[in-house]
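Accompanying notes for the structure given below.
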Amino acid sequence: MSRYTPNPRYPGDSEQERAAWADAHARAFFFDEIFGGHEGAPAVQQNFCAFLRCVDNLLQPLTLGISPASRQNEEVTTAKYHI
């Protein structure tokens, strides 16, 4: 028995229908659920970029051994480093 509580924002009566709808609208669903709106909205873009900076800051010590606090150029991201 499913513990799912129906959400009127997303169509579908069965779990499979809801999953199919989410797959078809994955990008919009992601931005709406995680960042609270359409991906083109300025506030959503700022939240998304802030999220990516946090992820980048967490990954740099793990992947490159570079602490964000010790970087000389704060604008340089993991993607810009060449080893």
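Residue numbers (my numbering): 1437 to 1519. Think of the CB as a built atom: it goes at the ideal place given N, C-alpha and C, for glycine as much as any other residue. Remember, it's a predicted structure, so these values are computed and weren't measured experimentally.
### Message
For F1465, which residues in the same chain have their Cβ closer than 6 Å to its Cβ, ignoring the five residues on either side in sequence?
### Response
A1458
### Task
Within the same chain, show all residues whose beta-carbon is closer than 6 Å to that of F1471, passing over the 5 residues directly before and after it, in chain order.
V1480, N1483 and F1484
### Query
Which residue comes first and which comes last in the alpha helix (DSSP H) that contains E1475?
It is not in any alpha helix (DSSP H) - E1475 carries neither H nor E in the DSSP assignment.
### Query
Where do the ends of the alpha helix (DSSP H) carrying D1459 lie?
E1451 to A1460
### Message
Let me confirm a value: Q1452 is counted as buried when at least 16 other C-beta atoms fall within 10 Å, else exposed. Which label applies?
### Response
exposed
### Task
From the DSSP output, in three-state form, read off L1500 for me.
coil
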